[in-house]
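Below you'll find the structure, written out as structure tokens, and then a few comments.
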Amino acid sequence: MDDLLQRLERRDWRLTPQRRAVVDALRGENVHLSADEVLDRVRDELPETSRATVYNTLNELVEMGEVGELHVAGRSRKYDPNVTDRHHHALCESCGMVQDIQLRSDDEPQVPASMPGFELRRLDVLFSGICASCAN
Ligand SMILES: [Zn+2]
Ligand SMILES: [Zn+2]
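Residue numbering for the sequence shown follows my numbering, starting at 49 and increasing by one per position.
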């Protein structure tokens with residue numbers, strides 16, 4: 049998996065300390081954080097960081113296509129730095145934890161014949177259930 053920070057460095061994205069802290073908050077595998085969770089992590093390092101800075105940085109990263117946005121009905125949207133490996137998500141309905149589910153490469157979605165020329169840009173599949181610790 050390609051690292052978010054490496055990708056941003058290749059793009060010459062201006063890396064202020066706050067932006068760097070946002071990127072650091074999003075590093076790792078299976079990371080799906082709400083904007084407020086990112087804000088908490090950023091403020092652990094840079095307590096003066098404003099909410100607007102974090103939100104604007106996240107929006108910019110999404111617009112650049114470097115961070116994915118996960119919309120979950122009834123919950124705050126989550127940000128996902130893994131945009132290089134196509135994957136689905138599994139949501140625990142109880143605690144809200146989100147984990148990646150890998151796609152097999154032969155899982156190509158079929159565009160219905162009733163929508164000729166439909167350009168498929170994004171595929172979001174969300175499996176919901178109960179995680180093991182909530183089931184206990
Ligand atoms: Zn759970
Ligand atoms: Zn994900």
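Beta carbons are placed, not taken as given, at the ideal position from N, Cα and C, and that holds for glycine.
For clarity, every value in this text was computed on a predicted model and none was experimentally measured.
8 Å Cβ cutoff met for residue i and residue j
i	j	result
leucine 151	phenylalanine 175	no
leucine 81	tyrosine 127	yes
leucine 106	valine 86	yes
glutamate 114	valine 131	yes
proline 15	leucine 74	Nothing about residue 15 can be read from this structure; the chain reaches only from 49 to 184.
Alpha-carbon to alpha-carbon, residue j and residue i
i	j	result
arginine 99	proline 160	42 Å
glutamate 167	glutamate 156	13 Å
cysteine 143	serine 181	9 Å
histidine 136	valine 146	10 Å
valine 173	asparagine 184	26 Å
arginine 169	methionine 163	14 Å
glutamate 141	aspartate 88	23 Å
Continuous beta strand (DSSP E) stretch holding residue i: start and end
i	result
valine 146	146-150
aspartate 128	126-128
Residues near residue i by beta carbon distance below 7 Å, same chain, minus five either side
i	result
valine 71	Leu52, Leu53, Leu56
arginine 134	Leu151
Other residues of its chain near residue i: CB distance less than 6 Å, five sequence neighbours each side excluded
i	result
glutamate 93	Ala69
serine 124	Ser82
glycine 116	Asp128, Val131
Same chain, Cβ closer than 8 Å to residue i, five either side skipped, listed in chain order
i	result
glutamine 66	Val90, Leu94, Thr97, Thr101, Val102, Thr105
leucine 63	Leu56, Glu57, Val71
methionine 49	With a pLDDT of 49 at methionine 49, under the threshold of 50, the modelled position of that residue is not reliable, and the figure given next carries that caveat. Closer than 8 Å at Cβ, skipping near neighbours: Glu77, Asn130, Thr132, Asp133.
Per DSSP, cross-strand counterpart(s) of residue i
i	result
glycine 76	Note: glycine 76 sits in no beta bridge, so no partner.
leucine 118	Lys126
alanine 138	Gln147, Phe175
For residue i, the first and last residue of its enclosing alpha helix (DSSP H)
i	result
alanine 183	180-183
glutamate 93	83-93
alanine 100	99-111
glutamine 54	52-58
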